[in-house]
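Q: Top line first, the protein sequences correspond to chains R and W. Here the working numbering is used: the first residue of the first sequence is 999, the next is one more, and so on. Here the working numbering is used: the first residue of the second sequence is 341, the next is one more, and so on. Even for Gly, the Cβ is constructed at its ideal location relative to N, Cα and C. Bear in mind the structure is a predicted one, so any value in this text is a computation, not a measurement. Let me begin by handing over the structure; questions about it come next.
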Amino acid sequence: KNEVEQSPQNLTAQEGEFITINCSYSVGISALHWLQQHPGGGIVSLFMLSSGKKKHGRLIATINIQEKHSSLHITASHPRDSAVYICAVLNYGGATNKLIFGTGTLLAVQP
Amino acid sequence: EAQVTQNPRYLITVTGKKLTVTCSQNMNHEYMSWYRQDPGLGLRQIYYSMNVEVTDKGDVPEGYKVSRKEKRNFPLILESPSPNQTSLYFCASSLRDSLNYGYTFGSGTRLTVV
């Protein structure tokens, strides 16, 4: 079993829909990252969370440390949101600053 | 602009021909790391460096070497590339206190070994 699991693996939505991507992890963590990767593109850090909730524009990320679960929400989705969204956790005891990655969620937003 | 620069972006090479992928950051970050990304497997750590002259193996180090002679540079060396090293490679950096400052990723290097 992977230490970081994302769901769903693939998601197709219509423009304007509210989208949720989930991330569950089984290790102790110091922080959790949500990353975005466009096709053929580099990786951009969207959020880093250690507790609670963060919002940036139409994106909202939440984390529940007790349940070892995080969600990424996209409100009023747009075709330009189409990308792979990757959850990554910073392993607790992180003298190595090591990130452990989920396998990503491929999101396609159709006009 | 604060960034991590990788070169080349694309590379096709033949089995056994030594190659180097360069990574440079301009943010004075102590921590640098290399990852490979493969379909269905996600990103996996190859090597990392906590500071100059301090490097260590990640999860998949076989067939790779690194060096950290200067703080800004962290090249990835494939001494004798093989087809199973065909992958998308990313370099990333962060301050030692990554908990508060996060990570910056390079644009990626797509390597094909034939």
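Are any of the Cβ atoms in chain R nearer than 8 angstroms to that of W/Leu351?
A: In the second sequence, the residue the question calls residue 351 of chain W occupies position 11. Cβ-Cβ to chain R under 8 angstroms: no for W/Leu351.
Q: Decide if the stretch 352–365 of chain W is in contact with the stretch 381–393 of chain W; the criterion is three or more beta carbon pairs, one per stretch, under 8 angstroms apart.
A: Too few Cβ pairs lie closer than 8 angstroms, so no.
Q: Helix, strand or coil for W/Asn424, going by three-state DSSP, please let me know.
A: Translated into the one-based positions of the second sequence, residue 424 of chain W becomes position 84. In this structure, W/Asn424 counts as helix in the three-state DSSP scheme.
Q: I need the boundaries of the beta strand (DSSP E) containing W/Val354, first residue and last residue.
A: As a working mapping, residue 354 of chain W is identified with position 14 in the second sequence. Where W/Val354 is concerned, there is no enclosing beta strand (DSSP E), given that its DSSP letter is neither H nor E.
Q: What are the residues of the stretch 360–373 of chain W that lie near chain R, defined by any Cβ-Cβ distance shorter than 8 angstroms?
A: Under the 8 angstroms Cβ criterion, the stretch 360–373 of chain W contributes Tyr371 and Ser373.
Q: Quick one: Cα of W/Thr444 to Cα of W/Pro423, how far?
A: Your numbering for residue 444 of chain W matches position 104 in the second sequence. Your numbering for residue 423 of chain W matches position 83 in the second sequence. Using only the alpha carbons, I get a separation of about 28 angstroms.
Q: Between W/Gln385 and chain R, is there a C-beta pair that is closer than 8 angstroms?
A: Residue mapping note: residue 385 of chain W aligns to position 45 of the second sequence, counting from 1. True, the Cβ-Cβ gap to chain R drops below 8 angstroms.
Q: Given W/Ala342, which residues of its chain have a CB within under 6 angstroms of its CB, disregarding the five upstream and five downstream residues?
A: Working through the second sequence from its first residue, we reach residue 342 of chain W at position 2. Here the set comprises Met367.
Q: What three-state label does DSSP hand R/Arg1078 in the structure shown?
A: For this step, residue 1078 of chain R is matched to residue 80 along the first sequence. In the structure shown, R/Arg1078 sits in a helix (DSSP, three-state: H, G or I).
Q: Thinking just about the alpha-carbon of each residue, which of W/Leu418, W/Leu451, W/Arg450 and W/Leu381 is nearest to the one in W/Lys357?
A: Counting from one through the second sequence, the residue named residue 357 of chain W turns up at place 17. Answer by Cα proximity: W/Leu418.
Q: Quick check: the Cα distance between W/Gln365 and R/His1031, rounded to an integer number of angstroms?
A: As a first step, residue 365 of chain W must be located in the second sequence, where it is residue number 25. As a first step, residue 1031 of chain R must be located in the first sequence, where it is residue number 33. W/Gln365 and R/His1031: Cα-Cα distance of roughly 20 angstroms.
Q: With a cut-off of 8 angstroms on the beta carbons, I'd call R/Ser1080 and R/Ala1106 a contact; round off their distance for me.
A: Reading the first sequence from its first residue, position 82 is the one you call residue 1080 of chain R. Reading the first sequence from its first residue, position 108 is the one you call residue 1106 of chain R. So it is a contact: roughly 5 angstroms between Cβ atoms.
Q: Which whole-angstrom value describes the C-beta separation of R/Ile1019 and R/Leu1057, a residue pair presumed to lie in contact below a C-beta threshold of 8 angstroms?
A: By one-based count along the first sequence, residue 1019 of chain R stands at place 21. By one-based count along the first sequence, residue 1057 of chain R stands at place 59. 11 angstroms between Cβ atoms; not a contact.
Q: Can you pull out the residues from the stretch 1033–1050 of chain R whose beta carbon lies closer than 8 angstroms to at least one beta carbon of chain W?
A: Flagged, chain order: Leu1033, Gly1039, Gly1040, Ile1041, Val1042, Ser1043, Met1046 and Ser1048.
Q: Just reading off the beta strand (DSSP E) that R/Gly1050 is part of, what are its end residues?
A: Here residue 1050 of chain R refers to the residue found at position 52 when the first sequence is read from its first residue. Counting along the chain, the beta strand (DSSP E) containing R/Gly1050 begins and ends at Gly1050 to His1054.
Q: Quick one: list the residues of chain R neighbouring W/Leu381, beta-carbon separation under 8 angstroms, in chain order.
A: Stepping through the second sequence from its first residue, residue 381 of chain W is reached at position 41. By Cβ distance, chain R contributes Thr1101.
Q: Give, in chain order, every unbroken run of the beta strand (DSSP E) that is at least 3 residues long and sits entirely within the stretch 378–425 of chain W.
A: Within the stretch 378–425 of chain W, the complete beta strand (DSSP E) runs of at least 3 residues are 382–391, 394–397 and 416–418.
Q: Give me the chain R residues within the contact set of W/Gly448, using Cβ-Cβ distance strictly less than 8 angstroms, ordered along the chain.
A: Sequence index remark: in the second sequence, residue 448 of chain W carries index 108 (1-based). By Cβ distance, chain R contributes Gly1039, Gly1040 and Ile1041.
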